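To keep things clear, I will list the structure first and then write my remarks on it.
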Amino acid sequence: MLAWYWRLVASLGFLSLVRCEHSKIGNCTRTEFFDKHRQCELEFYVSYRSNPKGNCNTYFLLMVDCSKNVMKSCLDNVDTDMVDTTLGMAYAQRGMEFKYCREGGLPLTAVTTPPHSQAKRCAEKYYKQTPKCGDDFKRKFLESPADYTLCEEYTRVIDCAKFKIEQYCTRSEARDLREGLAEDFNPYCAADKIIAERSPNGNSRSPGGSTTPAGEVTIVRTACLVFVFTLFWLRNYL
175 MLAWYWRLVA SLGFLSLVRC EHSKIGNCTR TEFFDKHRQC ELEFYVSYRS NPKGNCNTYF
235 LLMVDCSKNV MKSCLDNVDT DMVDTTLGMA YAQRGMEFKY CREGGLPLTA VTTPPHSQAK
295 RCAEKYYKQT PKCGDDFKRK FLESPADYTL CEEYTRVIDC AKFKIEQYCT RSEARDLREG
355 LAEDFNPYCA ADKIIAERSP NGNSRSPGGS TTPAGEVTIV RTACLVFVFT LFWLRNYL
């Protein structure tokens, strides 16, 4: 194997030991760590929804750089080159740019890729039907990333996926898959709230849309998602 591959696996193995329930992650508190990562992701949505004619790749790379800086600032005992390589590889291998710029950041791919290294714990219908939950959302997103209905549409996608998980998967697998959905946080509603706060007139862009109550309280989402997506990929393809 190539040296960089083993560096990736080794470093991801280390990072995966940074559990979400720990009170400290490096020299940052859990709240600081995940809040900073969430802000990196939110800025992507804020930028793209505020300026949908802009270059999505530019917004995406800014988000990646922001996440790298968070990791470096909190895990100051980890080699900075390792952080750059690890997160760069993780984002590239998972096709994260496509996920954000073509699929609007939906987490469906991470939870609907059939495992290759173990027996499937969800019925075949789950893998065929669940990706369709995001069809309408992706169509609207590609037509206009600034579409104000995406806030509510995103919630519908997550609810649809949750229903499929409960219907077709075992209890243990359902728990893991629902964690991958990060159902406590709607980035479109959260981004619209930020846009409204920054707007001179303060008007909301999404009538009736708001973050879920859990999204207001729980901030343990974005950084864990990177690890969850990566670990799903490692489980499926190693």
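When you read off a place in the sequence shown, starting at 1, and then add 174, the result is the number in our numbering.
The beta-carbon is built from N, C-alpha and C at its ideal position, and this holds for glycine as well.
Please read these numbers as outputs of a predicted model, since none were measured by experiment.
query: Three-way DSSP call (helix, strand, coil) for Thr344 in this model; result: coil
query: Beta carbon of Glu271 nearer than 8 Å to that of Asn225; result: no
query: Through-space distance from Cys296 to Leu355, alpha-carbon basis; result: 16 Å
query: Through-space distance from Val257 to Val238, alpha-carbon basis; result: 11 Å
query: Closest residue to Thr260 among Asn251, Lys242 and Tyr274 (Cα-Cα distance); result: Lys242
query: Extent of the continuous alpha helix (DSSP H) run through Thr205; result: Arg204 to Ser224
query: Inter-residue spacing [alpha-carbon to alpha-carbon] between Cys214 and Gly278; result: 15 Å
query: Rounded straight-line distance, which links the Cα of Ser373 to that of Leu216; result: 16 Å
query: First and last residue of the uninterrupted alpha helix (DSSP H) at Asn243; result: Cys230 to Cys248
query: Cα-Cα separation between Glu371 and Thr203, rounded to whole angstroms; result: 27 Å
query: Alpha carbon of Ser318 to alpha carbon of Ile332, nearest angstrom; result: 20 Å
query: Beta-carbon contacts of Leu343 that lie in its chain and below 7 Å, excluding the five residues immediately before and after; result: For the sequence presented, residue 343 should be read as Cys rather than Leu. Counting only Cβ-Cβ distances below 7 Å, and skipping sequence neighbours, we find Arg295, Cys296, Tyr300 and Leu351.
query: For Lys227, the three-state DSSP class (helix, strand or coil); result: coil
query: CB of Phe337 within 8 Å of CB of Cys275, strictly; result: no
query: Distance between Leu236 and Ala266 (C-alpha atoms, nearest Å); result: 14 Å
query: Span separating the alpha-carbon of Thr254 from that of Asp309; result: 39 Å
query: Proximity to Thr286 [Cα-Cα], best of Cys334, Ser247 and Asn201; result: Cys334
query: Sequence-distant residues of the same chain with beta carbon closer than 8 Å to Arg181, five excluded per side; result: Unreliable placement is indicated for Arg181, whose pLDDT of 40 sits below 50; the coordinate value is still reported in the next sentence. Only Met256, Thr259 and Thr260 meet the Cβ criterion.
query: Length-filtered (4 minimum) alpha helix (DSSP H) runs lying within the stretch 295-342; result: 298-303, 309-317 and 324-342
query: Residue(s) in a DSSP beta bridge with Ile199; result: Cys202
query: Cα-Cα separation between Glu195 and Tyr328, rounded to whole angstroms; result: Model confidence at Glu195 stands at a pLDDT of 45, short of 50, so the residue's coordinates are unreliable and nothing is read from them.
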